[in-house]
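Numbering (our numbering), first residue to last: 20 to 257. Here is the structure we will look at, set down as C-alpha cells.
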C-alpha cells in the first residue's frame, strides 16, 4: 500500500514537471530528476486550506489537479477573491520570493493535489538555469498583468460589468463542459460575489437578471452562457 502510494506521488510530480505548460519543462533531465525526488505531494479535500494568511510559505506550490481560490479577508470577515488557480499553476509564490508571510489564503474549491518544491531547491535551479528563471518571470509577469486588469475592473465597472467580467474570467480559466456552454467550475453565490466585489444579494439579483435577459441559464451552481457576444458586451461597457 505504501509502495503504491509512493509510486502514485512520483507519477503526479512527474506529470507536473513534464507537462508542456509547466515552467519546469525547460529543465535538463538531471534537473528534472532532482526536482522530482525532492517534491512533496499533498492531497486536499474540497473546502480545505492549502495555506493561510499570515503563515510562512513552505515552498513553491504547484497545483497538479483541482481548482483553488486565493482570497484575502477584509473588514467584517468578508472575503475578496484575488485569484483563481488551475493546473499547472503556481500559488503562494509572491510571499515565497518576497520572503514574507502570506497576505492571502488558499482553499481548494474541489478535491485538489499540489506538488511543493522547497525554496532552497528553487533558488538553486534558478541560479543554474537561466531558461527556468525566464520562464518563471514570464509566468509572474502574466499574473501581474491579470491582477492590474482585475483592479481596474473591480474599481471602475458597475455591478453588471463586474459580474459579466467574472463569468468570462471563469470561462477563460476553466473552460466549458462538453456542451460548450456550461462553465466548468461550480461556485457558490457567495464566491461569485467575492470574486466580483459585490454583496451576495447583488450577485444573486444580477445573475437572475442575466438569466431573464437570456444571457445565461442557471441550474443550481451550474451557469451556462447562452449569449457569449452579449455577455462580452456587458463586460466591456461596464
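Even glycine gets a Cβ: it sits at the ideal position worked out from N, Cα and C.
For residue j and residue i, believed in contact at Cβ under 8 Å, the rounded distance
i           : j          : result
residue 141 : residue 79 : 5 Å
Residue i - DSSP class collapsed to helix/strand/coil
i           : result
residue 253 : helix
residue 218 : coil
residue 173 : helix
residue 23  : With a pLDDT of 40 at residue 23, under the threshold of 50, the predicted position of this residue should be treated as unreliable, and no value is reported.
residue 79  : strand
residue 236 : strand
residue 104 : strand
residue 209 : helix
residue 87  : strand
Beta-carbon proximity of residue i to residue j, cut-off 8 Å
i           : j           : result
residue 201 : residue 255 : no
residue 184 : residue 172 : yes
residue 110 : residue 126 : no
residue 204 : residue 187 : no
residue 154 : residue 35  : no
residue 50  : residue 144 : yes
Beta-carbon contacts of residue i that lie in its chain and below 8 Å, excluding the five residues immediately before and after
i           : result
residue 100 : 88, 89, 90, 210, 213, 214
residue 25  : Confidence is the limiting factor: at residue 25 the pLDDT is only 47, short of 50, which leaves the residue's position unreliable, though a coordinate-based value still follows. Counting only Cβ-Cβ distances below 8 Å, and skipping sequence neighbours, we find nothing.
Other residues of its chain near residue i: CB distance less than 6 Å, five sequence neighbours each side excluded
i           : result
residue 21  : Only weak support exists for where residue 21 lies, its pLDDT of 36 falling under 50; the value from the coordinates is given anyway. Taken in chain order, the list of residues that qualify is empty.
residue 219 : 208, 209, 212
residue 129 : 65, 85, 86
Contact set for residue i: own chain, Cβ-Cβ below 7 Å, skip 5 residues either direction
i           : result
residue 179 : 225, 253
residue 32  : 55, 58, 60, 134
residue 195 : 201, 202, 203
Check: Which runs of the alpha helix (DSSP H) fall wholly inside the stretch 112-168 and span at least 4 residues, in chain order?
Finding: 112-117, 138-147
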